[in-house]
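The listed protein sequences correspond, in order, to chains A and B.
Take 5 as the starting number for the first sequence in the working numbering and just add one per residue.
Take -3 as the starting number for the second sequence in the working numbering and just add one per residue.
Below is one structure, written out as structure tokens; the observations come after it.
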Amino acid sequence: MTHPHNPATPLDTAVFHGVNRPAAARRATSLTARRSIKGAHQAAWLLNAIACMDLTTLAGDDTPDRVRRLCGKARRPLADPVVAGLGLADMPTTGAVCVYPTMVAAAVAALEGSDIPVASVATGFPAGLMPLDLRLAEIRYAVDQGAREIDIVITRAHVLGGDWAALYDEIVAMKDACGTAHMKAILATGDLVTLSNVYAASMVAMQAGADFIKTSTGKEGVNATLPVGLTMCRAIRDHRAATGHVVGFKPAGGMKSAKDALNWQILMAEELGRDWLRPGLFRLGASSMLGDIERQLEHHVTGRYAASHRHALA
Amino acid sequence: MTTIPEILDTMAYGPAPESTAAARDWLARGPFGLFIGGSFTAPDDLFDVRDPARDTVLAQVTHATEADVDAAVQAARAAQPAWEADPALRARVLYALARQVQKRERLFAVLESLDNGKPIRETRDIDIPLVARHFYHHAGWATLLADEFPNARAHGVCGQIIPWNFPLLMLAWKVAPALAAGNTVVLKPAEDTPLTALLFAKICQEAGVPPGVVNIVTGDGATGAAIVAHDGVDKIAFTGSTEVGQSIRRATAGSGKALTLELGGKSPFIVMPDADLDAAVEGVVDAVWFNQGEVCCAGTRILVAESVAETFRNRLIARMKTLRVGDPLDKSTDIGAIVSPAQLARIRDLVAKGVAAGAVVHEGTAPDGCFCPPILLDKVSPANPCVSEEIFGPVVTLQSFRTPPEAIELANATRYGLAASIWSENLTVAMDLAAQVKAGVVWINATNMFDANAPFGGMRASGFGREGAREGMTAYLRKGQPAQGAAPGVIDASPATGTPDGLDRTHKLYIGGAQKRADGGASWSVMSGDTRLGHAPLGNRKDIRNAVDAAHKAGGWTKMSGHQRAQVLYFLAETLDHHRDGLDTLVPMEEIDAGIACTMYYAAWADKLSGAVHNTQSAHVTLAMREAFGVVGLICPEETPLLGALSLILPAMAMGNRVVVVPSQANPLAALELGPMLGASDVPGGVVNIVSGPVADLAKTLAGHDDVAALACAQPSVAQMVEHESAGNLKPVWNAPEGQGRDWLDAMVQVKTIWVPYGA
């Protein structure tokens, strides 16, 4: 991740405002209906999605071997004939690999020699309901294991209870524990429920120095949705307008199809612009999405519909 | 050929063209004739239909003559009785039309985009689904008509004239309710955009529409005028410009043709300081950068609170830059082509005038050709022509306001009253504004929402009548026969013979809660045979003017609750009862008693006529409020001078209107006697104003008064004149029958549809 860190700014709750849910839903619906990407352009946008993808495994049955297999896919997400057919000089890679802290070492080893960073969740992922010192220690552990990006979870109770100072202070402490690693703040928007909460939590996270704001752990009942993404993108725009600082965005969870990859990129292009289509400011937290992208890209090259069992497993 | 690595650098969207092959195959069957009596006539007297985006000829269609219109009306007339007699057939046919539209949705969408220039996204996602929705909804009304509108009859043959901005959708809005009610139709699509109507004609054959039930005649304004003028047409429904609407109002005056008009607008778009500004910015996109701004209800006047004006303006200007203007058939196009070069020239001309008048202009970008970029005219004064004139293009003005009352003042400073959009996260504030804005449709935190089960239509010069829902069905059903009373005689204001019976009695006009001498300082003798009943003050146009002014000052009546008004009306019944023995020198006792009963009847109704909550989309409350017009003119019948007057005054009052009454010319004294009784019954001054005199003169002044919102006329001798004069501000004129009932209440209110989307 080449973008400079987002420095903390003072807590400012005066910037909060109500977000109208039906209006956000209408915009999210029409936004993706307003843009259609076909042919070579679609192939390019799907390749871009791979470059922005945090290829993720966050399961209770993760093992070092499973993580190594995922890293293999991150290094070679497409088959050679497809890469050639698309006219690419080099094999593309994913934006990062995202794992639990105890899997970081395995991932770092498997990705050695590539530029692919390892991202680790931390801070008592996914619920975050652990003592703060243990959560901070977990961040330091993951960084020590070689993680270059840390995906922290916030304490939802601080949002639901309106304790913005507590939220701000905890995120500031987490950012400090990250050191040189970039920090993505997972808001767990499915737990926050209202878009007004999402907006407020986004602003506090950015004020506290989050380099990215991220929608979900993938474990909440509702994961990344476009209205939530829209609200967070507008928060990023507003934070930039207020402070001049640039923050990235990562939707995560529930995104499975190539169509999802296009829709989220359209959201970024329309609401934040070209810069947010680069991995420095945009990541897609996904695992099964890559398989569908691979099938679509093979279809683009061959004209035949593809079968997953003919592709390398992640 | 752009390579994938190149695209990865730019992340451009690239082209996403919709195929026109099927539409062009269909167009190749042209040139097209007229659809009359279930089949197409031989093409004749052809004119070109152009694709505005590519400046090419799409097809040639027939210019219908007067004889063609006559043939269409004859076919419609012949088909009508059997059609009205078979509601089950009507339901089946309307259902089949809904299905046929869905089965041909892409062909319709592409053809509409080619013909009109609107983006394929909109025809595909908005126009055509709404068309199908409209036919489904009205298939249901055909089934339910007998249950829900017992004893109602169709008008007969409906002449329907529609505009070019939503060609097929406006056809559906006109044809579906007309057919459901048992009418047959002669429809003229706009000269610029007749193609989807012709495709619809073909679909009618496939759907089993009986010959003559739907007739489609293409042509220009002359064809439309021939429909309006045709004696065999029972109802005219028109959507289009206010100017043409006015000429249709004049042309149909006194003809007995029913009339509904859906005309222009200059709708306010009010952004309160607590609005979700991003939602409101996107609202502007949906309001005026939808359909190239060629939308009658487009929110073209942004009124934004001063405290958030700068932020809002900056975000709006930023948003304009991401709108894509260009090929309507590209799926990534937001704004397509303007319908014609003439319309583009009109838009550009008006914008130039607006800039000359001081507007600061912000423009997006658009390709060469018949395209117009999104335009924001900032820092406009209310006197700027772009604030008052309907532009019908992607042009929006921006003004700021300081307080909610000022927002309403600016919002209502227009001759139109079609729609309004209100943005506030505070529902208390939003509903207050919605209640006060003069508009037939109000969207709260939304804009341009439509549904077959939501009434749509305007107030003021935006026309009258509603389309959609139960309210829209009533526009295609006949009401009672207008009163057929005697014409007024001659007023002789010179002193006459006859001696007073006892002490001389003086009757004065009743204006603003006080008895007033007539401005002209004259009276005339009111005779009953050789007996002089008394002298009546001879009112003139200035008395009418004063009465209207007094009525405007009595706005408190309109704000009162129905219960409060009921108490006053019950009290009035009591007062009438108390005075029945004095009144019987002027009218028979039976009439007085009927008048008292009538007062009790409308007192009963005053707190009971309720609006509706319509079932439209999920997570939306769609209210159809009943609102008083405000100031209403009432032209009373000659006969039953007391009961006739009360039959108009009471329903108007019960619904919260203030009235200016022109009583019977033969015997105005009974109505004039009401004046002091109203005062004694706690009716506030100005709510009822009574001006006696020459009915034709007084009615003409009332009908022509731009600050009178509606008229009820139970004097057939002046009906034609009144309808003609009403065209000035397009006040609805109701030719009132004798009697009492719900129809009288419905005639005294206008529907305001309020959309409230919700979601936490």
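The beta-carbon is built from N, C-alpha and C at its ideal position, and this holds for glycine as well.
Reduced DSSP secondary structure (H/G/I, E/B, other) of residue i
i                : result
Met95 (chain A)  : coil
Gly453 (chain B) : coil
Asp374 (chain B) : strand
Glu153 (chain A) : strand
Cys154 (chain B) : strand
Gln661 (chain B) : coil
Glu623 (chain B) : strand
Asn267 (chain A) : helix
Pro85 (chain A)  : helix
Thr816 (chain B) : With chain B represented from -3 up to 756, any question about residue 816 (chain B) goes unanswered, as that position is not in the structure.
Lys604 (chain B) : coil
Leu281 (chain A) : helix
Asn725 (chain B) : coil
Trp751 (chain B) : strand
Thr33 (chain A)  : helix
Ala708 (chain B) : strand
Gln613 (chain B) : coil
Tyr597 (chain B) : helix
CA nearest to the CA of residue i, picked from the options
i                : options                                   : result
Leu90 (chain A)  : B:Pro1, B:Met651 and B:Gln98              : B:Pro1
Ser677 (chain B) : B:Asp703, B:Asp573, B:Ala608 and B:Val583 : B:Asp573
Val376 (chain B) : B:Ser384, B:Gln716 and B:Val284           : B:Ser384
Leu698 (chain B) : B:Asp739, B:Val544, B:His610 and B:Ile750 : B:Val544
Ala450 (chain B) : B:Gly155, B:Gly607 and B:Arg50            : B:Gly607
Thr307 (chain B) : A:Ile190, A:Val19, A:Asp279 and A:Gly43   : A:Val19
Cys114 (chain A) : A:Leu74, A:Leu92 and A:Thr97              : As written in the sequence, residue 114 (chain A) is Ala, which differs from the Cys given in the question. With distances taken between Cα atoms, Ala114 (chain A) lies closest to A:Leu74.
Asp532 (chain B) : B:Ser490, B:Leu183 and B:Leu141           : With the sequence shown as reference, residue 532 (chain B) is identified as Ala, and Asp is not the correct amino acid for it. The shortest C-alpha separation from Ala532 (chain B) is found at B:Ser490.
Leu110 (chain B) : B:Asp66, B:Cys154 and B:Ala19             : B:Ala19
Arg309 (chain B) : B:Thr318, B:Arg622, B:Glu467 and B:Asp374 : B:Asp374
His548 (chain B) : B:Val628, B:Gly525 and B:Leu165           : B:Val628
Leu62 (chain A)  : A:Thr229, A:Pro231 and A:Asp155           : A:Asp155
Arg31 (chain A)  : B:Lys604, B:Thr443 and B:Val425           : B:Thr443
Asp40 (chain B)  : B:Val213, B:Pro173, B:Ala271 and B:Ile440 : B:Val213
Residue j beta carbon less than 8 Å from that of residue i
i                : j                : result
Ile158 (chain B) : Thr235 (chain B) : yes
Gly225 (chain A) : His7 (chain A)   : no
Ile41 (chain A)  : Tyr9 (chain B)   : yes
Leu639 (chain B) : Cys594 (chain B) : yes
Leu568 (chain B) : Leu674 (chain B) : yes
Asn112 (chain B) : Thr189 (chain B) : yes
Ala294 (chain B) : Val284 (chain B) : yes
Val324 (chain A) : Gly150 (chain A) : Absent from the model: residue 324 (chain A). The displayed extent of chain A is 5 to 318, so no value can be given.
His186 (chain A) : Asp148 (chain A) : no
Gly307 (chain A) : Trp268 (chain A) : no
Ala764 (chain B) : Ser328 (chain B) : Outside the displayed range of chain B (-3 to 756) lies residue 764 (chain B), so it cannot be described from this structure.
Trp730 (chain B) : Ala715 (chain B) : no
Lys218 (chain A) : Ala189 (chain A) : yes
Gly260 (chain B) : Ser458 (chain B) : yes
Glu719 (chain B) : Gly481 (chain B) : no
Lys170 (chain B) : Pro324 (chain B) : no
Ile223 (chain B) : Lys253 (chain B) : no
Closer than 7 Å: residue i CB and nearest the ligand MN heavy atom
i               : result
Ala19 (chain B) : Inclusion of the ligand MN in the displayed structure is not the case, the ligand content being empty and no account of it being possible.
Within-8 Å CB hit, residue i to chain E
i              : result
Ile3 (chain B) : Checking the listed chains, one finds no chain E in this structure; the protein chains it contains are A and B.
Near-chain A residues of the segment 161 to 191 of chain B (beta-carbon distance less than 7 Å), N- to C-terminal order: Contact residues of the segment 161 to 191 of chain B toward chain A are absent (C-beta to C-beta distance below 7 Å).
Chain B contacts made by the segment 38 to 54 of chain A, where a contact means CB separation under 9 Å: Per Cβ criterion, the list reads Arg38, Arg39, Ser40, Ile41, Lys42, Gly43, Ala44, His45, Gln46, Ala47, Ala48, Trp49, Leu51 and Asn52.
Residues of the segment 186 to 217 of chain A in Cβ contact with chain B at a cutoff of 8 Å, in chain order, please. So the list reads Val197 and Thr198, given in the order they occur along the chain.
Near-chain B residues of the segment 20 to 33 of chain A - C-beta to any C-beta below 8 Å: If the cut-off is 8 Å between Cβ atoms, the segment 20 to 33 of chain A has His21, Gly22, Val23, Asn24, Arg25, Pro26, Ala27, Ala28, Ala29, Arg30 and Arg31 near chain B.
Which runs of the alpha helix (DSSP H), 4 residues or longer, sit entirely within the segment 470 to 550 of chain B? As far as the segment 470 to 550 of chain B is concerned, its whole alpha helix (DSSP H) runs of at least 4 residues are 537 to 549.
Using a beta-carbon distance cut-off of less than 8 Å, what residues from the segment 419 to 452 of chain B approach chain A? Those residues of the segment 419 to 452 of chain B that come within reach of chain A (Cβ to Cβ, closer than 8 Å) are Glu421, Asn441 and Ala442.
What runs of the alpha helix (DSSP H), each 4 residues or longer, lie entirely inside the segment 98 to 181 of chain B? The segment 98 to 181 of chain B contains these whole alpha helix (DSSP H) runs: 101 to 112, 124 to 144 and 163 to 176.
Note down, in chain order, all residues in the segment 102 to 133 of chain B with a beta-carbon under 7 Å from any beta-carbon belonging to chain A. Hits within the stretch, in order: Arg117 and Asp121.
With 8 Å as the C-beta to C-beta threshold (strictly closer), list the residues of the segment 278 to 298 of chain A near chain B in chain order. Against chain B - using a Cβ distance shorter than 8 Å - the residues of the segment 278 to 298 of chain A are Arg278 and Leu281.
Residues in the segment 82 to 96 of chain A with C-beta within 9 Å of chain B's C-beta atoms, listed in sequence order? Along the segment 82 to 96 of chain A, the positions whose C-beta sits under 9 Å from a C-beta of chain B are Leu90, Gly91, Leu92 and Ala93, read in chain order.
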